[in-house]
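Student: Quick one: the structure is below, and I'll ask about it shortly.
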């Protein structure tokens with residue numbers, strides 16, 4: 008019997024299919040990817056103190072699915088997006104707006120500066136990068152800004168970071184089946200980078216041994232996998248936990264913290 012999806016997952020999938028002209032919603036059309044977003048939201052919740060309204064920055068909001076899921080879990084979430092179309096404007100532009108995702112109205116800050124974050128020092132309890140860090144032009148500058156806006160002891164969550172050596176990326180690139188990240192990371196490399204910029208590594212893991220959004224793969228494969236997405240994700244987790252084998256998994260996931268002093 009096919010899995011019954013939660014109401015949250017159903018709402019995200021509905022948005023993914025209803026806004027098919029939005030490139031940010033491509034990943035919202037896969038049950039496996041949507042359930043992965045729910046897993047990420049739950050992991051973030053478990054790593055932060057309970058019964059508090061904590062400020063969290065969704066750095067590179069995209070379609071807004073992570074802001075939505077984290078807001079529903081009690082966080083005071085601020086979305087952040089960089090508007091490349093406004094970079095010709097010589098002045099620094101910052102706009103504060105809101106957008107609707109499913110049943111929630113969520114705050115969003117948009118700037119034309121790809122690095123500088125328009126927030127005070129130590130403003131956030133946590134910052135999330137979900138599929139963002141690998142795309143920024145100034146990696147070091149961005150990490151320094153994230154560290155600046157975090158409170159002492161605040162957490163930096165890095166998810167969906169492409170791993171160098173990923174078999175999926177190799178296949179997609181070798182046969183020109185779909186998008187391949189220009190910048191990929193090794194686990195020692197990203198840990199060294201974060202440590203050099205003043206973060207303390209708290210947690211690491213590898214994930215995505217199996218495809219999630221099936222870009223470039225036969226449609227039949229997606230149909231088979233999505234009949235039992237929960238089972239597929241359990242198998243994926245088991246495979247991604249195997250030493251040596253997991254060095255060819257798709258992504259890296261890390262939690263780092265800003266030192267207390």
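Residue numbers (my numbering): 8 to 268. All C-beta atoms, glycine included, are put in the ideal place defined by N, C-alpha and C. Note that the structure is predicted; figures quoted are calculated from it, not measured.
When burial is assigned at 16 or more other CB atoms within 10 Å of the CB, is residue 177 buried or exposed?
Tutor: exposed
Student: Consult DSSP for residue 70 and reduce its assignment to one of helix, strand or coil.
Tutor: coil
Student: Does the Cβ-Cβ distance between residue 65 and residue 87 come in under 8 Å?
Tutor: yes
Student: Within 10 angstroms of the Cβ of residue 181, are there 16 or more other Cβ atoms? Answer buried if so, exposed if not.
Tutor: exposed
Student: Is residue 243 helix, strand or coil when you go by DSSP?
Tutor: helix
Student: Assign residue 61 to one of three DSSP states: helix, strand, or coil.
Tutor: coil
Student: Which ranges does the alpha helix (DSSP H) cover as unbroken runs of at least 4 residues, wholly within the segment 138-189, from first to last along the chain?
Tutor: 146-156 and 174-181
Student: Among the candidates 255, 70 and 55, whose CA atom is the shortest distance from the CA of residue 63?
Tutor: 55
Student: In terms of residues, what are the limits of the alpha helix (DSSP H) holding residue 24?
Tutor: That run of the alpha helix (DSSP H) goes 14-25.
Student: According to DSSP, what are the bridge partners of residue 103?
Tutor: 116
Student: For residue 21 and residue 268, I'd like the C-alpha separation in whole angstroms.
Tutor: Straight-line spacing of the CA atoms in residue 21 and residue 268 works out to 45 Å.
Student: For the segment 242-251 and the segment 190-204, state whether three or more C-beta atom pairs, one from each stretch, are separated by less than 8 Å.
Tutor: no
Student: For residue 132 and residue 155, which I take to be in contact (beta-carbon distance under 8 Å), what is that distance rounded to the nearest angstrom?
Tutor: Rounded, the Cβ-Cβ distance is 14 Å, inconsistent with contact.
Student: Thinking just about the alpha-carbon of each residue, which of 245, 71 and 232 is nearest to the one in residue 220?
Tutor: 232
Student: Per DSSP, residue 83 forms a beta bridge with which residues?
Tutor: 62
Student: Alpha helix (DSSP H) containing residue 259: first to last residue?
Tutor: No alpha helix (DSSP H) contains residue 259, which is instead part of the beta strand (DSSP E) from 258-264.
Student: Distance, Cα to Cα, residue 8 vs residue 235?
Tutor: A caution first: residue 8 carries a pLDDT of 43, below 50, which makes its placement in the model unreliable, though a value can still be read off. Computed Cα separation, rounded: 8 Å.
Student: Among the candidates 119, 204 and 85, whose CA atom is the shortest distance from the CA of residue 147?
Tutor: 204
Student: Taking C-beta to C-beta, are residue 35 and residue 19 nearer than 8 Å?
Tutor: It is a contact, given that the beta carbons lie within the stated cut-off.
Student: Using the DSSP secondary-structure output, state which residues sit across from residue 211 in a beta bridge.
Tutor: 261
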